[in-house]
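Written out below as structure tokens is the structure these notes cover.
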Amino acid sequence: MDVSKLEETARELVAPGKGILAADESFGTIGKRFEAVGIESSEESRRAYREMLFTTEGIGEFLSGVILFEETIRQETSDGTPMPEVLEGAGVIPGIKVDKSTVDLPLSEGEKFTQGLDGLGDRLAEYREIGARFTKWRAVITIGDGIPTESCVEANAEALALYAAFAQEHDLVPIVEPEVLIDGDHSIEQCYDATEWMLNRTFGELYEHGVELSGILLKPNMVISGKDAPQQVSVEEVASATVECLLRTVPAAVPGIAFLSGGQTDLRATAHLNAMNSMYGGLPWELSFSYARALQGQPMEIWGGDVDNVQAAQKAFHHRAKMNGAARSGDYSEEMEEQAA
Ligand code: 13P
């Protein structure tokens, strides 16, 4: 593996003022998101939608990278340009989701295991050929009655580490994503404990499998109360619980942490990232974003599958990316939302 190349790409992905767009929804997930706003999911509608996002003028100012789905990396824009080339042309690094989604963890009700290690090396070699420079693998941890279990935490942490080792061997930066879900009525303390446990285990496994930490990025959840929790917490509490948890679990050699939005509203996801960056100085890693829903919610709804709405949808997408770009340095404020309205 070429460590200096991995480090260079990882650092580019967390360059100041920029973050990552996760546009790697699998067939099932994009189908659900489209259905919610009345768009029929077909190969062509998915292609047209992603073309709308990636050809937004000036997006390279706020996006360092885009995570693609396997279908999209092989698609072209309407003028026949391959999607990875369109992104490179805009100064945005193309990446790809390489896990094969989750299955129910056997003998453990309510828990998930992420699959996709079989044949991974061959797939990575091919993705690199067609333009990917980084990768993502998402593990899912659920908080509930008696869960997460040791079995779930351990199995997912080891799969994440093996994936990261495969990716580095192919000179592709691994984005290691252990997501503790927001679903449920748990407290912020329960989320803290599950996140701390999963991150400790993940970094233990990364060590055991020889992964070079300076050539990875971490994509964690924020430490936050469950979406049905009786008591919701303030932006500052989420920011401090998250950073304190990361300080106790993530080695300083990791260049950056790019959060997932995980079902938070788009404004909250921006406010939380902004609070972390304004409340804490001198952290060992960059704190950035790798959002799917919190960047795409509005643009997808405005687009609605209609070519006449492309410009308005791109405007909303550009605005959201710009707001999160400002949150990278703690310079975001709610007035900036109003100015744009
Ligand atoms: P959300 O920002 O919608 O959580 O998606 C991020 C992601 O890539 C999940 O794998």
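If you count the sequence shown from 1, position 120 lands on 802 in this note's numbering, and the numbers rise without skipping.
The beta-carbon is built from N, C-alpha and C at its ideal position, and this holds for glycine as well.
Residues bridged to residue i [DSSP beta-bridge criterion]
i, result
"Phe795", "Val785"
"Lys818", "Lys779, Ile857"
"Ser972", "Ile702"
"Gly987", "Note: Gly987 sits in no beta bridge, so no partner."
"Gly826", "Ile829"
"Val862", "Ile823"
"Ile870", "Partner(s): none; Ile870 has no beta bridge."
"Ala940", "Ser970"
"Leu900", "Val858, Ile939"
Residues near residue i in its chain [Cβ-Cβ closer than 7 Å; skip 5 each side]
i, result
"Ala841", "Thr796, Leu799, Ala821"
"Arg715", "Glu707, Met982"
"Gly866", "Ile825, Gly826, Gly908, Asp910"
"Gly897", "Val685, Leu688, Glu689, Ala692, Gln850, Val855"
"Thr737", "Thr759, Val768"
"Arg729", "Gln757"
"Gln914", "Ser907"
"Arg805", "Val780"
"Ala995", "Met734, Pro981, Ile984, Trp985"
"Ala697", "Ser746"
"Ile712", "Ser723, Arg728"
"Tyr962", "Val925"
"Ser1011", "Pro698, Gly699, Asn959"
"Ala807", "His852"
"Gly945", "Ile864, Lys909, Arg975"
"Arg930", "Glu878"
Whole-number beta carbon distance between residue j and residue i, since they are thought to touch under 8 Å
i, j, result
"Val835", "Met880", "6 Å"
"Leu955", "Leu969", "7 Å"
"Leu895", "Ala935", "4 Å"
"Leu703", "Val748", "5 Å"
"Ser790", "Thr831", "6 Å"
"Val905", "Ala953", "Not really, about 15 Å apart at Cβ, beyond 8 Å."
"Leu695", "Ile823", "Incorrect: roughly 24 Å between the Cβ atoms, too far for contact."
"Lys710", "Gly986", "Position check: residue 710 holds Gly in this sequence, whereas Lys was assumed. About 21 Å; that fails the 8 Å criterion."
"Thr1048", "Val862", "Residue 1048 is absent from the model: the chain starts at 683 and stops at 1023."
"Arg741", "Ala705", "Before going further, note that residue 741 is Ile rather than Arg in the sequence given. The Cβ separation is near 12 Å, so there is no contact."
"Met1018", "Asp853", "That belief does not hold up - the Cβ atoms of Met1018 and Asp853 are roughly 38 Å apart, past 8 Å."
"Leu900", "Ala837", "Leu900 to Ala837, Cβ: 19 Å. No contact."
"Phe941", "Pro902", "6 Å"
Check: residue i C-beta below 7 Å from any heavy atom of ligand 2
i, result
"Gly701", "Summarising the ligand content, the structure contains ligand 1 and does not contain ligand 2."
Own chain, CB closer than 6 Å to residue i, minus 5 neighbours either side, in chain order
i, result
"Glu733", "Thr759"
"Lys1004", "Phe744"
"Met958", "Ala921, Val925, Leu969"
"Tyr809", "Ile778"
"Ala998", "Gln980, Pro981, Ile984"
"Gln872", "Ile825"
"Leu802", "Phe848"
"Thr754", "Arg732, Met765"
"Ile829", "Gly792, Glu793"
"Ala923", "Ile870, Tyr874, Val905"
"Ser681", "Missing from the structure shown is residue 681; the chain here goes from 683 to 1023 and no further."
"Arg815", "Thr691, Ile775"
Close-in-space but distant-in-sequence residues of the same chain around residue i (CB under 8 Å, 5 per side omitted)
i, result
"Arg1024", "Shown here, the chain extends from 683 to 1023; a query on residue 1024 therefore has no answer."
"Gly1007", "Gly699, Lys700, Gly701, Glu743, Phe744"
"Ala846", "Trp819, Pro856, Val858, Leu888, His891, Val893, Ile898"
"Pro943", "Position check: residue 943 holds Ser in this sequence, whereas Pro was assumed. Once the five neighbours on either side are set aside, the close Cβ partners of Ser943 are Ala951, Phe971, Tyr973, Ala974, Arg975, Ala976, Leu977."
"Ile812", "Ile755, Arg756, Pro764, Pro766"
"Ala1009", "Thr952, Ala953, Leu955, Asn956, Asn959, Phe971"
"Glu739", "Gln996, His1000"
"Glu919", "Ile870"
"Val989", "Ala730"
"Val992", "Met734, Trp985"
Residues with C-beta closer than 5 Å to any heavy atom of ligand 1, in chain order: Ala704, Arg820, Leu942, Ser943, Gly944, Tyr973, Ala974, Arg975
message: Going residue by residue through the region 736-792, where are the continuous beta strand (DSSP E) segments of at least 3 residues, counting only ones entirely within it?
response: 745-750, 775-779, 784-786
In chain order, each alpha helix (DSSP H) run of at least 4 residues that lies wholly inside the region 706-735: 709-718
- prompt: Considering only residues of the region 907-940, which uninterrupted alpha helix (DSSP H) runs meet the minimum length of 4 residues and lie entirely inside it, listed in chain order?
  reply: 917-929
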